[in-house]
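To keep things clear, I will list the structure first and then write my remarks on it.
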Amino acid sequence: MQRTGRSLPASMLLSIRDRRMQKANASSPKRTGTTGTLVASYNVHKCIGLDRRFDPERTSRVIREIDPDVIALQEADNRFGDRDGLLDLSRLESDTGLVPVPISANGKGHGWHGNVLLFKKGVVRDVHQIKLPGLEPRGAVVAEIDLDGNRTLRVIAAHLGLLRRSRSRQAGVVLDIMNSPDETPTLLLGDLNEWRLGNRSSLNTLHTTFGPLPPAVPTFPSNLPLLALDRIMANRHGMISAVEAHDTPLSRVASDHLPLTAFVRL
């Protein structure tokens with residue numbers, strides 16, 4: 001892969017500068033003057049932090065810090081065996097009001113291929129579990145949530161693959177989901193594993209439905225975020241705002257990804 005001599009160092013410097021600017025506001029995503037539904041995406045890295053400690057309670061504390069209305073988690077189950085769920089969802093519901101979107105899955109996992117979608121208020125109208133193509137087993141959860149009786153939000157929670165060719169095929173499946181004739185407001189939340197921008201990005205085809213895309217916000221690695229692997233996208237212009245990394249002392253060590261947050265207005 002050929003790079004220009006300045007591009008990567010420049011992106012690193014910008015990331016470091018932006019991270020310092022965000023720290024003052026990161027302790028509470030619900031900032032004064034910003035309104036709407038607070039959504040988040042968080043790869044919890046199987047509840048293993050940068051200190052290599054397995055600590056599900058610490059992961060839950062990060063979620064409580066964010067206090068989202070809707071959040072998509074990735075890697076919330078063990079990858080092998082029965083794929084046991086790693087979080088205490090009952091306690092999380094008691095502390096935050098967040099409940100998981102129900103799915104049908106084998107084993108004892110919380111989600112579908114490690115994807116868990118939680119919401120605070122509303123009624124789930126429809127749920128689909130999508131198998132994504134590629135060498136690695138990957139999936140997406142698609143849910144339609146009636147937020148307050150007259151507003152419906154479709155959420156696609158996904159974790160795309162490590163290989164560029166797989167990500168391109170998986171992005172195509174997301175587009176197929178969006179090819180329905182209705183105009184339901186839709187969010188795509190997840191670890192999309194893509195740091196490239198422009199024509200070289202495996203997410204380039206998503207521009208037709210989710211473009212123009214919001215600025216990419218670095219979330220990985222959590223202690224010095226340089227790569228924008230996590231994304232929040234919407235199919236309507238102006239639907240999301242204030243897309244930021246949730247950068248706090250706790251989130252910097254709880255996982256190798258920082259959570260990504262945004263506000264949604266329907």
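All letters in the sequence shown, in the order written, are residues 1 to 266 by full-length UniProt numbering. Note that the Cβ used here is the ideal one computed from N, Cα and C, for glycine as well. Note that the structure is predicted; figures quoted are calculated from it, not measured.
- Its chain contains His-113 as the residues whose beta carbon lies nearer than 7 Å to that of Pro-137, once the 5 sequence neighbours on both sides are disregarded; these appear in chain order.
- Beta-carbon to beta-carbon, Ser-202 and Arg-167 are separated by about 4 Å, close enough to satisfy the 8 Å threshold.
- In terms of Cα proximity to Gly-111, the closest of Gly-97, Lys-121 and Glu-75 is Glu-75.
- Burial state of Leu-224 is exposed, judged by a 10 Å Cβ sphere holding fewer than 16 other Cβ atoms.
- In this structure, Gly-109 lies away from Asp-88, with their beta-carbon atoms at least 7 Å apart.
- For Leu-266, the closest of Gly-211, Asp-230 and Thr-152 by C-alpha to C-alpha distance is Thr-152.
- Looking at the DSSP output, Asn-115 sits in a beta bridge with Trp-112.
- Cα atoms of Ala-40 and Ala-254: separation of roughly 16 Å, rounded to the nearest angstrom.
- Residue pairing by DSSP puts Lys-131 in a beta bridge opposite Gly-139.
- Setting aside the 5 residues that flank it on each side, Leu-175 is surrounded in the same chain by Thr-205, Leu-206, Thr-208 and Thr-209, each with a C-beta closer than 8 Å to its C-beta; the list follows chain order.
- Under the three-pair Cβ rule at 8 Å, the region 153-172 counts as touching the region 121-141.
- Note on geometry: alpha-carbon atoms of Val-70 and Ser-251 lie some 18 Å from one another.
- In this structure, Val-116 lies near Leu-73, with their beta-carbon atoms less than 7 Å apart.
- DSSP places Glu-75 outside both helix and strand once states are collapsed to three, so it counts as coil.
- Nearest neighbour of Asp-95 by Cα position, chosen from Asp-148, Pro-102 and Ile-66, turns out to be Ile-66.
- Between Gly-190 and Arg-231 the beta-carbon gap is near 7 Å, inside 8 Å, which marks them as a contact.
- Under the rule that a run must span 4 or more residues, the alpha helix (DSSP H) segments found entirely inside the region 186-225 read 207-210.
- Here Asp-247 is buried: its Cβ has 16 or more other Cβ atoms, across all protein chains shown, within 10 Å.
- As the crow flies, the alpha-carbon of Pro-68 is around 16 Å from that of Leu-188.
- Rounded to whole angstroms, the gap between the alpha carbons of Leu-132 and Val-243 is 26 Å.
- Counting along the chain, Ala-262 sits inside the beta strand (DSSP E) bounded by residues 260-264.
- By the CB criterion at 7 Å, Glu-93 and Val-99 fall inside the cutoff.
- Nearest neighbour of Pro-214 by Cα position, chosen from Thr-261, Gly-161, Leu-147 and Asp-55, turns out to be Thr-261.
- The C-alpha of Thr-59 lies about 32 Å from the C-alpha of Thr-184.
- Going by DSSP, Thr-96 is part of the alpha helix (DSSP H) stretching over 89-96.
- Cβ contact annotation for Leu-135 (same chain, cutoff 8 Å, sequence separation greater than five): Gly-161, Leu-163 and Ser-166, in chain order.
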